[in-house]
C-alpha cells in the first residue's frame with residue numbers, strides 16, 4: 008500500500024517496514040493487516056515461540072500456517088509493526104516479505120544449503136558404513152586391535168563434516184528453541200547427534216568401547232532428506248499461488264508513465280484497447296463494446312458494456328475502445344478481495360492439527376525424560392548397551408509425523424481444488440463438503456452452457472429463416488467475436504465485411520449490403536421484442552429479422568447431475584425468476600424438487616426445512632440474492648460470482664471450470680478427509696509401537712532414524728497422493 | 092593385509108576430493124534446473 012506515512016519512524020524501522028509495504032492492507036482506518044513468511048519456522052514449537060512473542064502486543068486475528076511458514080495478524084500502528092518485526096528477528100525468526108525477490112532468493116539459497124548438507128551426509132554415511140561393516144563382520148575381538156583402531160579413526164574423519172557441518176541445521180533449531188524456552192523437535196535430535204559423536208570420540212581416545220559414527224551419519228542423512236522433502240512440497244505450493252499475478256498486469260500506463268497496479272488512485276483514467284485487460288475496477292466513461300468476464304467468473308457469454316457500466320479488474324476487453332475511470336483502489340478490487348479471502352483460508356487449521364501440535368509439545372518433554380530413564384534402568388541392569396538404547400529411544404519417538412499430518416493433507420487439498428477452479432474462502436469447506444448429502448442449485452445459470460445459440464427468430468419480412476441465417480452466418484464467418492459462434496449455417500459468402508466494435512458487422516452478400524448487430528447499431532430507438540435475452544438484429548434497407556441468442560443446457564450438466572444422483576445426493580433447483588426455461592431444464596435433468604419464483608426468504612426457508620429433515624445442504628448460487636441462502640446452508644459454492652459480496656459469503660468460489668467439477672470436488676474432499684485420518688492414524692501408531700521396541704533394545708539407532716524419517720516422509724507422500732489425478 | 096593402512100587413508104583423500112567437487116558443483120548452480128536439459132531436446 009502506498010498511502011502509509013513512514014515519516015514518523017526511525018530510519019532503521021522505516022527500512023524494515025518498507026520491505027513489507029505491498030503486503031500491508033488497511034482494513035479500516037487505524038487498523039492494518041499484514042502477512043509475511045518466517046522461513047525459519049520448522050515445527051510447532053517454533054510457531055509457539057512466535058506466538059508467545061506476539062502475545063505481548065495484544066494483536067487481533069493472529070493466524071499462522073506451519074507448512075507455508077506464513078504469519079498473519081492485524082495491528083494498529085506502524086511503530087508496533089516495526090517493534091514486532093525487530094523482536095521476531097532478535098528471537099531468530101526474521102520475517103521475509105511474501106512472494107518477493109527476497110523470498111524466492113531465500114528459497115534458492117536454502118535449496119543449495121540443503122543439497123550440500125545432504126550430499127556430504129550421504130557420501131560420508133556410505134563411507135563410514137563401509138568402515139563399520141568391516142568391524143561388524145569381524146565381531147568382537149575378531150580383528151587385530153590395530154586394524155580396529157584404523158577403522159575407528161577413518162570413521163571419525165568421515166563423520167566430522169557431518170557432525171560439524173551437515174547437522175548444524177538441527178543445532179541452530181535447538182538453540183533457538185531453548186533460547187525461547189521451548190522444547191522443539193530439534194532438541195532431542197541435536198542431543199542424539201552430539202552425544203553420539205562425543206561418546207565415540209571418547210571411545211577412540213580411551214581405546215575402549217564402541218563407536219557410533221555409522222548411526223549418527225545415517226541419522227543425520229535421513230533426517231535431512233525428510234526435511235528437504237518437506238521443504239520442496241512447500242515450494243511447490245508457493246509457485247501456484249498468486250491470483251493477482253495470474254489475472255492482472257503488474258504495470259500499467261497512466262498518462263504515459265508506467266505505474267504499479269497497487270498505486271492506482273480513485274479517479275485515474277485509463278484507455279483500454281481491444282484485447283487488453285482492465286487493470287482496475289471502475290466505470291466506463293467512453294466507448295462501448297463487449298467484455299469477456301470468463302477468467303473472472305467462468306461466464307463465457309460476453310457482457311455488453313457502455314458508458315456508465317461497471318467493469319472489474321481482470322476482465323478482458325473484446326472489441327470496445329474504452330476509457331474507464333477507477334472507482335476503487337487496489338485493496339478494494341473484487342479480484343483482490345477473492346485473493347485475500349483465499350489467502351486467509353490458507354491460515355485456517357482444522358482442529359485436529361492444533362491438538363496434534365499441543366500433544367507433540369508435551370511429547371518432546373516426555374521423550375527426553377523417558378529416554379533418560381530408559382538409559383538409567385539399562386545402566387543399572389549392567390548393560391553395556393545402555394547408551395545406544397537411550398539414543399534409539401530419543402531418535403525413534405520424535406512426533407514429527409503427527410504434527411505434519413493435518414497441514415500436509417489440507418494444504419495439498421486446497422491446491423488441487425484450486426486447480427479444479429474451486430477457490431476456498433472458508434477453511435472448513437473441505438470438511439463440510441465431504442459430508443453433504445443435498446445440493447440446492449439457484450437459477451438455471453449454473454446449469455447452462457455459457458455458449459450462445461439461436462433460440463428464437465422473429466421474421467420481419469418475406470425472406471425465409473434459412474436464407475437469413477445463411478446471410479448472418481456469412482457476415483459473422485470471419486469474426487472471432489463470441490457472438491459469432493451462434494451463427495453457423497454455411498452456404499453464403501460475404502464480401503467487404505467490416506467490423507464495428509461494440510456494434511456489429513456490415514458487409515455485402517449477393518450484392519446486397521447487410522448490417523448485423525446490436526439494436527443500437529441500426530437505430531437508437533429500436534426496441535427489443537422482449538426485455539430478456541440478447542437480441543441481435545439483421546437489417547439491410549429494412550429490418551429483416553431478430554435473433555434471440557441464449558444459453559443452452561451445459562453438455563456436461565446431464566452427466567454431472569447424473570453423477571450427483573448416483574452419489575445419493577438430494578438435488579433441488581430453487582430459482583427466483585419464473586422463466587419457462589427453468590422448468591424445462593429441471594425436467595430434462597430429472598431434478599424433481601423444483602420451485603420457481605422463490606423469494607430470498609422462501610429459499611432460506613426451504614433449505615432450513617431440508618436441514619430439519621437431517622440433510623446437510625450445500626447451496627450453489629451466483630448472485631447477491633443467494634447470499635442469505637448460502638449463509639443458512641451447511642456450506643456453499645458461488646458459481647461465477649460477479650459481486651465481491653457474494654464470494655465473501657460463500658465458503659468457496661467456483662472460478663473457471665464448470666459443473667462437471669462439482670462431483671469431482673465432492674469426491675475429492677472425501678479423499679482429503681480420509682488422507683488426514685490415515686496420516687494421524689499412522690503417526691500415532693508408529694510412535695506408540697516404536698517406543699517400547701526402542702526401550703527394550705530390539706532396534707538399533709539407525710533403524711530408529713530410518714523409521715522416524717520414513718514415517719514423516721510417508722505422511723507427506725500420503726498427502727501428495729492427493730495430487731494424483733484420480734478425480735477424472 | 093597391511094596394505095589397508097595405505098588404502099584407507101587413500102580412500103579418505105579421494106572421498107574428500109569427491110566432497111569438494113560436489114560442493115563446487117552445487118555452488119556453480121549445476122542443480123538449479125534439472126528439468127531443463129531434458130526439455131531442451133524437445134524445444135529446438
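Chains as they are written, first to last, in the numbering used here: chain Y, 8 to 735; chain A, 92 to 135. C-beta: ideal position from N, C-alpha, C; glycine also.
Cut-off 8 Å between Cβ atoms - residues of its own chain near residue i, not counting five sequence neighbours on either side
i	result
residue 721(Y)	408, 689
residue 163(Y)	207, 208, 211, 218, 220
residue 16(Y)	24, 85, 86, 89
residue 615(Y)	639
residue 548(Y)	none
residue 481(Y)	498, 499, 500, 501, 514, 516
residue 357(Y)	At residue 357(Y), the pLDDT of 45 sits below 50, so the modelled position is not reliable and the matter cannot be decided from this model.
Inter-residue spacing [alpha-carbon to alpha-carbon] between residue i and residue j
i	j	result
residue 76(Y)	residue 70(Y)	11 Å
residue 287(Y)	residue 601(Y)	39 Å
residue 377(Y)	residue 701(Y)	11 Å
residue 173(Y)	residue 111(A)	14 Å
residue 315(Y)	residue 592(Y)	34 Å
residue 373(Y)	residue 381(Y)	12 Å
residue 443(Y)	residue 619(Y)	14 Å
residue 176(Y)	residue 57(Y)	19 Å
residue 230(Y)	residue 189(Y)	21 Å
residue 101(A)	residue 386(Y)	39 Å
residue 195(Y)	residue 401(Y)	6 Å
residue 529(Y)	residue 626(Y)	43 Å
residue 155(Y)	residue 141(Y)	9 Å
residue 148(Y)	residue 215(Y)	12 Å
residue 262(Y)	residue 285(Y)	16 Å
residue 687(Y)	residue 144(Y)	40 Å
residue 107(A)	residue 179(Y)	25 Å
residue 575(Y)	residue 621(Y)	14 Å
residue 312(Y)	residue 117(A)	55 Å
residue 570(Y)	residue 202(Y)	60 Å
residue 279(Y)	residue 678(Y)	45 Å
residue 126(Y)	residue 105(A)	15 Å
residue 132(A)	residue 125(A)	14 Å
Residues bridged to residue i [DSSP beta-bridge criterion]
i	result
residue 317(Y)	290(Y)
residue 460(Y)	557(Y)
residue 506(Y)	512(Y)
residue 580(Y)	448(Y), 601(Y)
residue 335(Y)	The partner list for residue 335(Y) (beta bridge, DSSP) is empty, contrary to what the question assumes.
residue 550(Y)	546(Y)
residue 33(Y)	39(Y)
residue 626(Y)	447(Y), 643(Y)
Own chain residues within Cβ distance below 7 Å of residue i, not counting five before or after
i	result
residue 131(Y)	165, 166, 168, 169, 224
residue 54(Y)	48, 71, 73
residue 289(Y)	318, 331, 332, 333, 334
residue 113(Y)	46, 103
residue 535(Y)	526, 542
C-beta neighbour in chain A for residue i, strict 8 Å
i	result
residue 174(Y)	no
residue 536(Y)	no
residue 157(Y)	yes
residue 730(Y)	no
residue 195(Y)	no
residue 161(Y)	yes
residue 117(Y)	no
residue 126(Y)	yes
residue 164(Y)	yes
residue 123(Y)	yes
residue 112(Y)	no
residue 214(Y)	no
C-beta neighbour in chain Y for residue i, strict 8 Å
i	result
residue 109(A)	yes
residue 117(A)	yes
residue 106(A)	yes
residue 103(A)	yes
residue 94(A)	no
residue 97(A)	no
Cβ shell of residue i (< 6 Å), same chain only, five flanking positions each side left out
i	result
residue 737(Y)	In the structure as shown, chain Y begins at 8 and stops at 735. Residue 737(Y) is therefore absent and cannot be evaluated.
residue 546(Y)	522, 529
Quiz item: What residue ranges within the segment 413-454 of chain Y form continuous alpha helix (DSSP H) runs of no fewer than 4 residues, ordered along the chain?
Solution: 436-440
Quiz prompt | Runs of alpha helix (DSSP H) lying entirely within the segment 166-238 of chain Y, each at least 4 residues, in chain order | solution = 175-186, 193-213
Quiz item: Which ranges does the alpha helix (DSSP H) cover as unbroken runs of at least 4 residues, wholly within the segment 98-158 of chain Y, from first to last along the chain?
Solution: 108-145
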